[in-house]
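So the number in the working numbering is just where the residue sits in the sequence shown, counting from 1, plus 23. Using N, Cα and C, we set each Cβ at its ideal position, and we do this for glycine too. Contents: one structure, followed by commentary.
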Amino acid sequence: MSEPSSRYWCHICDGMVNPILESGLIKCPICEGGFPEEMATVINLKSVNLLLNMGVYLSTPKREKLSEDGENDRLRYGLSSMQGWRSTMEDAVMILLLSLLQHAAFSNLDGSTSFFGVYDGHGGKEVAKFCAKFLHQQVLDHEAHLDGDLGTSVRKAFLRMDEMMCGKTGQKEAALSMGKLDKSNGNMESLPEIDEDNGQPDEWPSGEVHPNYKGPTSGSTACVAIIRNNQLVVANAGDSRCVMSQKGQAHDLSKDHKPDLYAEKKRILEAGGYVAYGRVNGSLNMSRAIGDLEMKQNKSLPAEKQIVTADPDIITVELSADDDFLIIACDGIWDCMSSQQAVDFVQEQLKTEKKLSVVCERALDRCLAPSSGLEGCDNMTMIVVQFKNPFDTKPTSFQQPPVPSILYGTSLLMSYSGIHLQDDCVVPEVGVDNPREWYC
């Protein structure tokens, strides 16, 4: 590296590291104790992440929002999405209520079923859009759903997305998303058309995997809530989150899948991957996702055991009169608000604002960073689902999950998880929305 070039990069790193040094990470604000020496690594790794994010932000944020409201006799919802500082919008949403479920495609469904899905894409928008278009169809059409087993239906649908994206349907949708589909004849620029073995046209059934097509390189989280009668099923893969407000108290119905969680890191290592800088193979900052197919290539392992898996965590609860509303949102919201802060914000807004989409819009505005490089620069999508009529079942007894087992290392410190050795200040791996929110 030449001397001018070296000075240039030194100035960039200095400009990134100095604000971090001044941001209060050096001391615990509760007990004022100093952190272990390894915390210096956190600062260095944070600057690496900032460098990796160069070029993905706009000079000014896009504040325009796509918002929507809807309702049926049991619930009402509002949603809002905003691109923000990101150079592209990679979030997608799908909502189905009774009026839409009466469509012929879903004529065999229980009329009380409602579906809400938030998909936060990374590396492109293709997978998020694919999930928004097809995942609910797989859930609702699956025979397990017709037999009443929503959990099994949802799990199969999540895993089915990866299979579908390697087929003709998946490539066609990816080509359409990237503008590579000739709409006049339906042909794709990159479609493998000739069978290399015999030189004949490749008869490629729509639902089958093509040997020469590995699927899109992007990926997406998926956080889905399905309500049928008094039953709520939540399925999640990635770091989007679903939160229940029960008498004003926030209860997480999903877990953020991060690479440093013990079970996640164990699976990653056993599948041949590694965790560095708090990221899977040094790149992906979540350990479960739909897509990211280059991290699912171990032919000797099932889908659930791959380095990155689409296998969701699923929770089923019975709704009760104590349940106020659901919040389903991508990490663009949770990076800026804790679950309880989001519940408190929605409750406060509902005192004067009845339109739920407006409540979501205000939450997005609250989270939007004043400048790029700060928390609040991601795409943001938020859904609030409010229950109209009291449910006559007993309230679910939610228990806060214990602080999970901790794997020590610099990648763990990168996600601000670990133990403050001097004063026993514990920072849990899950639920730390602000690195300055410590628990002593």
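Across the structure, Thr332 and Gly147 are spaced so that their CA atoms are roughly 18 Å apart. Within the model, the alpha-carbon separation for Gly144 versus Arg97 is close to 30 Å. For Ala155, the uninterrupted alpha helix (DSSP H) run begins and ends at Glu149 to Asp164, by DSSP. With a cutoff of 8 Å on beta-carbon distance, Ile406 and Tyr100 are scored as near each other. If you ignore the 5 residues before and after Arg183, its C-beta comes within less than 6 Å of the C-beta of Gln161, all in its own chain and listed in chain order. Runs of the alpha helix (DSSP H) lying entirely within the stretch 345 to 388, each at least 4 residues long, are 354 to 357 and 362 to 373 in chain order. Taking 8 Å as the cut-off, the beta carbon of Asn95 is found closer than this to the beta carbon of Leu120. Counting C-beta atoms within 10 angstroms of its own C-beta, Lys281 has 16 or more neighbours from the protein chains shown and is therefore classed as buried.
In this structure, the beta-carbon distance from Ala260 to Ala312 falls below 8 Å.
Arg86 sits exposed, since fewer than 16 C-beta atoms from the chains shown fall within 10 Å of its C-beta.
The alpha-carbon separation between Met267 and Arg290 amounts to approximately 29 Å.
The C-beta separation of Gly174 from Val256 comes to about 6 Å, placing the pair in contact by the 8 Å criterion. Boundaries of the alpha helix (DSSP H) around Val177: Leu173 to Met188.
Rounded to whole angstroms, the separation of the alpha carbons of Arg302 and Asn308 is 4 Å. Around the beta carbon of Ala151, 16 or more other beta carbons lie within 10 angstroms, which makes this residue buried.
In the structure shown, the three-state DSSP call for Tyr297 is coil.
From the listed residues Ser361, Lys179, Glu186 and Gly271, the smallest Cα separation to Ser263 is found for Ser361. Membership of Thr339 in the beta strand (DSSP E) is indicated by the continuous run Asp336 to Glu341. At a Cβ-Cβ threshold of 8 Å, His165 and Lys179 count as neighbours. Close CB contacts of Ala273 within its chain, under the 6 Å cut and outside five residues either way in sequence, are with Val266, Ser362, Gln363 and Val366 (chain order).
A distance of 8 Å or more separates the beta carbons of Asp92 and Leu373. Spatial neighbours of Asp354 in its own chain (CB-CB distance under 7 Å, excluding positions within 5 residues in sequence) are listed in chain order as Asp143, Asp262, Ser263 and Asp401.
Cβ atoms of Lys88 and Ser103 come within 8 Å of each other, at about 5 Å. Judged by DSSP in its simplified three-state form, Glu91 adopts strand. Secondary structure at Ile250: strand, using DSSP grouped into helix, strand and coil. The distance from the Cβ of Ile330 to that of Lys319 is about 7 Å, consistent with a contact at the 8 Å cut-off.
Ser90 and Glu384 have their alpha carbons spaced roughly 8 Å apart.
Ala286 is classed as exposed because its beta carbon has fewer than 16 other beta carbons within 10 Å across all chains shown. Secondary structure at Ala273: strand, using DSSP grouped into helix, strand and coil.
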